[in-house]
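What follows is a short report on a single structure.
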Amino acid sequence: MTTITIDDKAYNIDTLSEEAKSQLGSLQFVDAELQRLNAQAAVLQTARLAYANALKSALPPVQTELLSH
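First residue of the sequence shown? That's 2 in the working numbering, and the numbers climb one at a time after it.
See the structure below:
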């Protein structure tokens, strides 16, 4: 028996209505997409940090007289 727990209540998936099963499928899809997007965001944040560090390395030294104005 496969169950799902919602609001601390366990439900047997086999006994759910077709509407409830459809909503459950949609919820599971959205959860999976959020997980995928969070993983992609982590990759992009890592890449952004690497690009920012590379940019800092490529910049010319800052002249002191430019900083005082």
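Ideal Cβ placement from N, Cα and C applies to all residues, glycine included.
Predicted model only: the values in this text are computed from it and were never measured.
Quick check on this structure: which residue in the options has the alpha carbon closest to the alpha carbon of residue i?
i    : options            : result
Thr3 : Gln24, Asp15, Asp9 : Asp15
Taking only the alpha-carbon atoms, compute the straight-line gap between residue i and residue j and give it to the nearest angstrom.
i     : j     : result
Ala59 : Gln24 : 51 angstroms
Ala43 : Arg37 : 10 angstroms
Thr6  : Ala51 : 41 angstroms
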